[in-house]
Structures are given as structure tokens and as C-alpha cells.
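K.L.:
Starting off with a structure, shown below.
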Amino acid sequence: MDTDGVHIDQVIYGSFLLSSETGGSCFRFEGVHSDDVPDGGAPAGDDDAGEGGHADAGPDGQGRGAGAHANASADPVGEGLRGDAAAPADAGAAPAAGDGDRPMAPLLVGPQPCPRPAEVDDFGLLQARDRASPAELLRNPYAAVDHLSLLACIGGEGHSFFVVREPWRNLQVAWAEVFGGVHRAVNRLLDEQLLGSRCPQRDVDLERAIKLSFLMPNLIWRKPPSSSGTKAAVMQSICRRRLNMACKMDIVGLVRDYERDVLLAKELEPTPAGRRSDENRVRRAADLMSRSKYGKARKEMLNNGLANKDDPRVVQQMDIKHPARKEELTPLSDDELSYARRGIDRENFMKELGRLDHDVGEGLGGLRNEHLTALLFSPQRDVTPGAAAAADDLYAFADNVVQCRLPDYFYVGYVATRLVPANKVDPSTLAPGASPDARPINVGNALRRLITRAFFDEGLLATINEIVGPVQNGAGLRGGISLTVLGVQASLEARPDFCAIQGDLKNGYNEVKRESVLASVRERPELHDTLAYFFKLLEPKSYVGMGSGTNVSSAPFRIEEGVQQGAVESLYMFGLSVNKPYRRARARLAEGGGAITAIVDDHYLLAKPRLAFQVLESLKADLQLTCGLELQPRKSAAYINEAFRDDDFEAMRVAAGIPDSLLLDRDGEPVLVHGQQVRGITVCNIPVGSAGFVDAYLTRKQASIIGDNDMIKALLDPRRWAQPEIPTRQLAFLMLRNCLQFRGDYWLRHLPPQLTATFAKELDESTWGFLEHALGDELSNWTNLGIRRLQLPVRRNGGGFRSCNSRKDAQYAGCLAQSALQLLDRKDDRGNVIPGRMHTPSLVNHFGETSFNHARDRDWHPWKHLLDNSNGNIATGLRQASSQMKTNFEEVAIDGMYDQDSCLVLQDVTRFGFNSDGTRPARPTSVTRIHSLCSSRRWSFIGCFN
Numbered sequence: 004m005d006t007d008g009v010h011i012d013q014v015i016y017g018s019f020l021l022s023s024e025t026g027g028s029c030f031r032f033e034g035v036h037s038d039d040v041p042d043g044g045a046p047a048g049d050d051d052a053g054e055g056g057h058a059d060a061g062p063d064g065q066g067r068g069a070g071a072h073a074n075a076s077a078d079p080v081g082e083g084l085r086g087d088a089a090a091p092a093d094a095g096a097a098p099a100a101g102d103g104d105r106p107m108a109p110l111l112v113g114p115q116p117c118p119r120p121a122e123v124d125d126f127g128l129l130q131a132r133d134r135a136s137p138a139e140l141l142r143n144p145y146a147a148v149d150h151l152s153l154l155a156c157i158g159g160e161g162h163s164f165f166v167v168r169e170p171w172r173n174l175q176v177a178w179a180e181v182f183g184g185v186h187r188a189v190n191r192l193l194d195e196q197l198l199g200s201r202c203p204q205r206d207v208d209l210e211r212a213i214k215l216s217f218l219m220p221n222l223i224w225r226k227p228p229s230s231s232g233t234k235a236a237v238m239q240s241i242c243r244r245r246l247n248m249a250c251k252m253d254i255v256g257l258v259r260d261y262e263r264d265v266l267l268a269k270e271l272e273p274t275p276a277g278r279r280s281d282e283n284r285v286r287r288a289a290d291l292m293s294r295s296k297y298g299k300a301r302k303e304m305l306n307n308g309l310a311n312k313d314d315p316r317v318v319q320q321m322d323i324k325h326p327a328r329k330e331e332l333t334p335l336s337d338d339e340l341s342y343a344r345r346g347i348d349r350e351n352f353m354k355e356l357g358r359l360d361h362d363v364g365e366g367l368g369g370l371r372n373e374h375l376t377a378l379l380f381s382p383q384r385d386v387t388p389g390a391a392a393a394a395d396d397l398y399a400f401a402d403n404v405v406q407c408r409l410p411d412y413f414y415v416g417y418v419a420t421r422l423v424p425a426n427k428v429d430p431s432t433l434a435p436g437a438s439p440d441a442r443p444i445n446v447g448n449a450l451r452r453l454i455t456r457a458f459f460d461e462g463l464l465a466t467i468n469e470i471v472g473p474v475q476n477g478a479g480l481r482g483g484i485s486l487t488v489l490g491v492q493a494s495l496e497a498r499p500d501f502c503a504i505q506g507d508l509k510n511g512y513n514e515v516k517r518e519s520v521l522a523s524v525r526e527r528p529e530l531h532d533t534l535a536y537f538f539k540l541l542e543p544k545s546y547v548g549m550g551s552g553t554n555v556s557s558a559p560f561r562i563e564e565g566v567q568q569g570a571v572e573s574l575y576m577f578g579l580s581v582n583k584p585y586r587r588a589r590a591r592l593a594e595g596g597g598a599i600t601a602i603v604d605d606h607y608l609l610a611k612p613r614l615a616f617q618v619l620e621s622l623k624a625d626l627q628l629t630c631g632l633e634l635q636p637r638k639s640a641a642y643i644n645e646a647f648r649d650d651d652f653e654a655m656r657v658a659a660g661i662p663d664s665l666l667l668d669r670d671g672e673p674v675l676v677h678g679q680q681v682r683g684i685t686v687c688n689i690p691v692g693s694a695g696f697v698d699a700y701l702t703r704k705q706a707s708i709i710g711d712n713d714m715i716k717a718l719l720d721p722r723r724w725a726q727p728e729i730p731t732r733q734l735a736f737l738m739l740r741n742c743l744q745f746r747g748d749y750w751l752r753h754l755p756p757q758l759t760a761t762f763a764k765e766l767d768e769s770t771w772g773f774l775e776h777a778l779g780d781e782l783s784n785w786t787n788l789g790i791r792r793l794q795l796p797v798r799r800n801g802g803g804f805r806s807c808n809s810r811k812d813a814q815y816a817g818c819l820a821q822s823a824l825q826l827l828d829r830k831d832d833r834g835n836v837i838p839g840r841m842h843t844p845s846l847v848n849h850f851g852e853t854s855f856n857h858a859r860d861r862d863w864h865p866w867k868h869l870l871d872n873s874n875g876n877i878a879t880g881l882r883q884a885s886s887q888m889k890t891n892f893e894e895v896a897i898d899g900m901y902d903q904d905s906c907l908v909l910q911d912v913t914r915f916g917f918n919s920d921g922t923r924p925a926r927p928t929s930v931t932r933i934h935s936l937c938s939s940r941r942w943s944f945i946g947c948f949n
């Protein structure tokens, strides 16, 4: 044959795959045994074949034989696997003497017809091909997925299952071999694409490997469809058998079993929507608490369940929340495609992999965080080389993903999401036939969450925060909520003639124009290396599967616009999109000494009323034009001190369509405090307004927290559950000690202690009542010594209970020390200016222009200007916190046990929260109180900021 323009392009599974330079045709040489080649010799072309020249080579190019890889252990599935399901003792070893060690000679089989590019469906996902032939299956075992569509592989309608939560330890090595191996195959094929000319057969092999990478979690960890469940021991045996099949590359058998379960799942009755039974909720909470997931356990006991995804009213609500694309995305130009692309740092990837939170719901396809963390092994553990390399294989795959080296159809499956409609209220409280109100919860793929979290490393987050600052405090800025709250509080305290307008964006995350996100990235050269990956995330009109487990069905809508709620990148993309309108509003407000601050999609304008309402109107138009976002006046709020609330303010408020900022009860009637109506707004759920408004709001919040405590207390009533596996008293004690007692800390942290005294007292009474329920005894029967012992830290052999009343002063002082410094411009130890988040004339006058500059000696007093010139809530709260904590300390401290210079609690009020040399502790809000019994009469109390 004429071989001009033809070259060996790929060696795969015992075949020499040749292609012409034009990619128009393929030739294939099959490796066969030849008696004509002398022992020890090599047939022509054998040097090119390498290990892949063996007919039993696996998809990663290594000898397949009966095992998983050439470096696999004899029994990667674990000890105890015997009989037919066990891997042979020589699995992965070199072929035995005989046929296996005979040299290979090429046999021309081609020319072969070029495989047709697979067609895509309406979602942009690959459609199914014809079933692979036996010869093709022999060449490439991954061809077993040819007849499966990519929609099926990602776990779309009819192909989704409940999965095993966490791999058993004795199966982790085999899982790492299998999962790492399929991603190793993808990486190898991508590398060959970069090095060689285009080859249609390689494209098909890449398609197969990608399909299998999506499908593998369901192939291995799916639970058999059943209305009664499967016992753990049986499930472990099933998964062991599947992993053994995967290790022997019996993909055909795995797919056959999977398709059988698909048919069985269709015969099951769908799981009814609504709230779990009380027993199921308690059992689930107990399971979570056994793994120290106390916050998740609390939510499990309090959640209102899921709405019926098949209810047309619920579907309509979800559809409305996900609008059609408003503006088509501008394709990347040739210049933009040539930009250097940001990769992922390996060390950061491994750190994020190890930090993945467990007990997080899986997206489509069944891959869970637990499945990913199972790829990490301690250095002391004896594992196979393939398993040990699995995390690195996944890292290489992740880097290929963010470098945008994979085909377009991969990214369509990558951003597909599972949606569950969560009830906003308990369905049992609704009137018969009432329309349920639900919120959409989108659950993305676990691998996507990991990859994107590693992509947004500290360097990228710092760049984004520099771009969106100083207005946006919600783009990964530590303490951003505290900054926003304190900024609004201090501005209104410093300038009571200022009004605060709280803006509400309609369905912000889901409505923001994706084109505006990309436009913001295009305008910033420092973000050009992220443009390609951002485009891949935003360009697809994402498939949505509604439901969970075997009850997933295709939604009649897609996620075409906005950023997905819950996705790692959404926070930063949204901040970039609204950055320009916010900055333009800031420039206009600054002309009158005002400011704007934001926490993601909640923003607050601070200025004199006329200027504030004018900027509000321009911002409303700017957000609509630039970002496609609608500012909702009827859900916004405007507040000004009662002394400055005049007819002009009311006229401007009414003209803007903003309702009165009165606090209303459940019936919509104004709440009265001492016979007076009260006004105010909430900033990140913190009340800001008149004293009556703050007090009434806290009373409402206190009632909500106590109501939740009472509901959990009723669920964990020992008289309800006689089963020994539900230890109600222990569960109640652990839930209270590790979660419930701290639920009021958010408000204690952001409000001065003089405003939270009653709030803290009422929560403490609820806490002690809950404790009596858990103990089955009344604390009035306890000695004073026993009650004090309860309040010692656990590490000091105490009960670990701390009252809100004892924490409120330290919480507020710590918040102030952490947040106030970041509001104003300040100088570091080299004289460089660090820009503040809200450096306005009013705040400069309130705190002092140089108060927060770097401390150069012991005469540094950051609070002196504030305390000398203000009697407002902030200064009063600081004085009270300092005085109360010192008093508590001095009452119990033993002389000589502390050094006044090094003890944070004993610092002068003018530098309270800071060390004597002016340095600030890393975590000033974490106050450690160490109580120890010194004698029968005296207690030591050492207060310090960690």
C-alpha cells in the first residue's frame, strides 16, 4: 500500500492505529502471534508498540491480563475475596511462559472506516451509538458503553440510583485503582491528542473513557433498586464483586448488571414527597451525630421536607426561578483562545481533596465527596502503585478540565445538576389544597465542586477581592458579614441624618446575565487566564434532573442564565458581574460623603436621603441594563433616625415604591413597643434601627430559636423511643453541648452587649431547661460546685456549657477588634497604605483617621478617639464589654497567676481586644475561658483571646 502521508499515530490495546495526515481514513494493524519471529527478536514496529502491543493490554496501555493494571496487587479488592469473584493470584504479574511471552507481529486489517462523530441531543449531550462489536470490545473494553447516551452516564432520568455513602476500608484500594484508572485513560488520550495529528478513532476512545468516568460511581456504588433496602453486609459483597469485575476489565458485565438495575428501578413506586417520619429524622440525626455532624443533624430534625417534584405547581415555581437566556454569549475570539490558561496547583488540589466535607448530598451520577476522599491513603498504608497514583491521576484530570482540553460535550455533562424543591414551611400547616411554596436547591457534581474549589485558590481570590472591593464584601472575604454590619451601624451612628436603603434583587443568582460575567472578566487582564474555564462553565444550557435516587426525572427547563446556587464559582462570578454598577453608585454617593456596601446580592446605600434615593434609581437602571437584574422596591427597605424622618423623606420613599420600614407581625400589623411603632432594617439578619426595633426583632428571633429547641426536645423525648439504638438522652446532651447552645452567638457577636442582655438571658433559660431534659434531673438539685463544673471546657474535664450571658461581652469585643480596622485606610509597619472597605468622612471622624495605623509602641490606643468623642451604642458596648470581663476575671483570679501585660482581658479599654504591644490576635472572637478549682472557696478565671 502507499504509505506516503501515513504514520503510526497511536498504539492501543494491541492495535497499531494509523491515520493519514488529513484524518480522512484509518488503518489498523492487529497484534498476532508469529512463529516466524525468532525467540528474543522483535517484529517490525514492536518498538513503537511497547507494552500496549500486547493483545491483553488495558485502556491505560498496561498489561491487562486478568487483573486491573500491570502494577496491581494480587487481590486489590481486599482479603477475604475468594472463589469465582476473586482476582487470580497472579493478577497483574508478567504473563507465564508459553503463549503470553511470544513476540507479536503486525497484521494489516485496514483500511478501516473512520468512526462517525457522535450526534448530540437537545441538551448538547452525546447520543447513544450502536452496540460495539465483539472485535471492538476486545480492542477496547471501554466500548461497552457505546450504546449508552451521555445523559444516561451522568445519571439523568431513568439512570439514577441511591448510592453507598462511604466506601468500606477494605474496598478503597480497588476503588482507587478503578476510578484512578479511568481518569488515567482520559489523561493519556488527551496527551496523545496534543502530541499527534487528529485521529477519529482516538476521539471515539476518548468519548468512551469520558462516559465511563461519569458512569463509574453508579456502576460500583449504586444500591440495588428495592422498596425494602439492602443490608450493609450484602451491599459490601455486591460492591466487592463489582470492583473485582472492574479490575478484570469486565466492563461488559458491569454494564449488563447496571442495565438490569435500570429496568428494575422503573418498576419501583416513587418515594413520596414531604417530611420524613419522626423516627426516620431521629435515626438520621443520630447517624450524623455519630460522625460529629451536629449542625447537619439539627437541620435534619428541623427541616420541612421536600415538595412533590411531580406537582405542576411546584414545577412551575422551579421553572420561574430559572429564566431563559437573555443574551447569547459572545464566543471566544482567536486572541482570547490564545490566552495562557490558569491551571491548578497540585498541593492546593490535594489539600482541598482532603478537606472535602462528608455527608453532602450527591449530584447526578452518584459521585459523593466520600468517594473522592477515599482516594487518599496514609503513607503507612500498604497499597498498590495504581491506587497510590489515583489522587495524582485525578489531579491531572482536573488540570485538563480547567485548561479546557476536554471536548465540549464533557462540559455539558460537567455542569448538569440535580434539583430538589425544598418546602419553605411545614406542609402539615398548610390548608388543604393550598399551593406549596418551595425553594430550589441545586446539587452539582462532587468532582466539579472539588475542581473549582481548587481552581479558586488564595491567589485568585485575592485578585477577585481586589477587583470587587471595596464595595463587595461577599466574594470570599473573611469576616465580610461583620464588615458589612459594622459599616452600616457605624455610618448611621456617626451620621444620624443619613438614611440606609436596603436593596433587594429579584432572584439575583438565577437572573444575572452570564454575558455580563464574561464581560467583566474580559475587561480585567489579570483574569484573562480564567476566561476559557469561565466560558466552559457558563456556555452550556445545563440539564436539570429533579428528584433524588431512582426518582430523578428530567426537568422541563434548563439552567440557561444566572449562576447556579450552591456552586463554588457562583459567589465570585456574581460579584464580578455587579461590580461596575456598584462602583458607579459608590462614586456618586462619595460626592455627598456617602457609601455603598454589599454582601453578594444584598446591598446597602448610605447617604443623605435625596442623594441616596437618586443613586438608588440610577443603580436600578444600571443593574438592569448591565446585569439583567431587577431591583424590587416593594421588597427593599429604607430607614432614617426618627429625628430626621420628615415629610420629604416619606415622599421620596413613597415615590421609590419602598414600603415603610415598620416592624410587622405575622398578620401584617405594626408591632408596638411601649405603645409606639418601631422602624428599622435588617443587615444580614442583624436589626439596625430604633432601640424598640432592635429589641422587638431580637424577641422574635429568640422565640424562633427557643421554638426550635422545644421541637428538638420533643423529638428526643425518651418516652417516645424505646429502641436501644436511639439513645435519646445522649443525643439531646450532645446536640445541646455542640450545637444548640451556640445558636445565639451570631447576634451576640454583632450587637452591643447592652442590647442583647435580655436576649442572652432567655436563651440561657432555654439551654438549661434543655439540659435538664437531657439529664433527666433538675439543676436545682445540683450543688454550686457541680453547676460550675458544667461550665468548664471539656478539655478541662468540664461539661462544655457556656451561657450566652457570659459570652456576649467577649463576642462583641472580638468582632469589633476584627472588623473595625478593615473599614478605614490604615498604614502597615512599612508605611504602606492598606485601603479600607468604607473609608468615608463620617467613619474617619467617628473612629479617628490614624487610630488603626500599625502599632509602633505601647502607646497605641485604637479606641481612644471613639471613646473620647462618642456615647453611641458602639462605644457604650465596648466600655461595657471591657468592664464586665475585667470584673469577672478579677473576682476569681488568683494573685500571681497572670501577667497584666500579656493578659488580653486586662488591657486598657482604649486598646481592648489587642495585645499590650499593639498586635492583634489571629482569632479575637474566640474567647477561651479556663476555669479550674483552686480551693473549696476560690475559682481561677483566665480570659484570653486565641
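Note that our numbering gives residue 151 to position 148 of the sequence shown, counting from 1, and the numbers run on in steps of one.
Glycine residues also receive a C-beta, built at the ideal position from the N, C-alpha and C atoms.
#1: Counting pairs of Cβ atoms below 8 angstroms between the region 174–190 and the region 389–397, do you hit three or more?
#2: Go to Asn190, then tell me how far its alpha helix (DSSP H) extends in each direction, as first and last residue.
#3: Beta-carbon within less than 7 angstroms of Asn856's beta-carbon, same chain only, minus the 5 sequence neighbours each way: which residues are those?
#4: Would you report the Cα separation of Phe773 and His361, rounded to the nearest angstrom?
#5: I'd like to confirm the pairing. Which residues does DSSP put opposite Ile837 in its beta bridges?
#6: In three-state DSSP terms, what is Met877?
#7: Between Phe696, Gly678, Leu675, which lies nearest to Ile684 when the distance is taken from Cα to Cα?
#8: Can you tell me where the alpha helix (DSSP H) holding Asn510 begins and where it ends?
#9: What residue does the alpha helix (DSSP H) around Pro228 start on, and which one ends it?
#10: Exposed or buried, Asn800, counting other C-beta atoms within 10 Å across all chains shown (16 or more means buried)?
#11: Could you give the DSSP three-state label for Pro424: helix, strand or coil?
#12: Sorted by chain position, which residues of the same chain lie with C-beta nearer than 8 angstroms to Thr375's C-beta, five sequence neighbours on each side aside?
#13: Alpha carbon to alpha carbon, what distance is there between Asp920 and Asn848?
#14: Sorted by chain position, which residues of the same chain lie with C-beta nearer than 7 angstroms to Cys807's C-beta, five sequence neighbours on each side aside?
#15: Assign Gly447 to buried or exposed, taking buried as 16 or more other Cβ atoms, counted over all protein chains shown, within 10 Å of its Cβ.
#16: How would you call Pro673, buried or exposed, if buried means at least 16 neighbouring beta carbons within 10 angstroms?
#17: Is Ile562 closer than 9 angstroms to Thr420 when the C-beta atoms are compared?
#18: Would you call the CB atoms of Arg591 and Leu614 closer than 9 angstroms?
#19: Ordered along the chain, which non-local residues of its own chain (more than five positions away) have a Cβ less than 7 angstroms from that of Lys354?
#20: Which same chain residues end up closer than 8 angstroms to Gly631 when comparing Cβ atoms and leaving out the 5 residues on each side of it in sequence?
#21: Classify Ile643 as helix, strand or coil using the three-state DSSP reduction.
#22: What separation, rounded to the nearest whole angstrom, lies between the Cα atoms of Arg481 and Leu340?
#23: Could you tell me which residues DSSP pairs with Gln319 in its beta bridges?
#24: Could you tell me the boundaries of the alpha helix (DSSP H) in which His606 lies?
#25: Taking buried to mean at least 16 other C-beta atoms within 10 Å of its own C-beta, is Leu622 buried or exposed?
#26: How big is the Cα-Cα spacing for Thr759 and His753?
#27: Around the C-beta of Met738, are 16 or more other C-beta atoms found within 10 angstroms, so that it is buried, or is it exposed?
#28: Which whole-angstrom value is the C-beta distance of Ile839 and Gln821, which I expect to be below 8 angstroms?
#29: Are the Cβ atoms of Cys687 and Ile602 separated by less than 9 angstroms?
#30: Can you tell me where the beta strand (DSSP E) with Thr533 in it begins and where it stops?
#31: Along the chain, where does the alpha helix (DSSP H) that runs through Ile467 open and close?
#32: How should Pro228 be labelled, buried or exposed, when 16 other C-beta atoms within 10 angstroms of its C-beta is the threshold for buried?
#33: Would you kindly work out how many angstroms separate the C-alpha atoms of Pro730 and Lys704, rounded to a whole number?
#34: Straight-line CA distance for Gly127 to Ala624?
#35: For Ser873, which residues in the same chain have their Cβ closer than 6 angstroms to its Cβ, ignoring the five residues on either side in sequence?
#36: Just mark Pro435 as buried or exposed, buried being the case when its beta carbon has 16 or more other beta carbons within 10 Å.
P.N.:
According to the data block:
#1: yes
#2: From DSSP, the alpha helix (DSSP H) with Asn190 extends over 175–198.
#3: Arg829, Lys830
#4: 28 angstroms
#5: DSSP lists Arg829 as the beta-bridge partner residues of Ile837.
#6: In the sequence as presented, Met is not what sits at residue 877; that position holds Ile. Correct three-state label for Ile877: helix.
#7: With distances taken between Cα atoms, Ile684 lies closest to Phe696.
#8: Unbroken run through Asn510: none, as it is neither H nor E.
#9: Segment: none, Pro228 is in no alpha helix (DSSP H) and carries neither H nor E.
#10: exposed
#11: strand
#12: Reading the sequence as shown, one finds Leu at residue 375 and not Thr. Result list for Leu375: Leu356, Leu359, Leu397, Ala449, Leu450, Leu453, in chain order.
#13: Using only the alpha carbons, I get a separation of about 25 angstroms.
#14: Gly747, Leu751, Ala763, Leu766, Asp767.
#15: By the beta-carbon neighbour count (other beta carbons within 10 angstroms, threshold 16), Gly447 is buried.
#16: exposed
#17: yes
#18: yes
#19: none
#20: Contacts found: Lys329, Glu330, Glu514, Val515, Lys516, Ser519, Glu564.
#21: strand
#22: Straight-line Cα distance between these residues: approximately 33 angstroms.
#23: BP columns for Gln319 are empty, so no partner.
#24: Unbroken run through His606 is the beta strand (DSSP E), 605–610; no alpha helix (DSSP H).
#25: buried
#26: So the alpha carbons of these two residues sit roughly 10 angstroms apart.
#27: Met738 is classed as buried because its beta carbon has at least 16 other beta carbons within 10 Å across all chains shown.
#28: In the sequence as displayed, the identity of residue 839 is Gly instead of Ile. Going by Cβ atoms, the distance from Gly839 to Gln821 rounds to 14 angstroms, so no, they are not a contact pair.
#29: Contact flag set, yes.
#30: Premise fails: Thr533 is in no beta strand (DSSP E) and is neither H nor E.
#31: Looking at the DSSP string, the run of the alpha helix (DSSP H) that includes Ile467 is 461–471.
#32: buried
#33: 30 angstroms
#34: 35 angstroms
#35: none
#36: exposed
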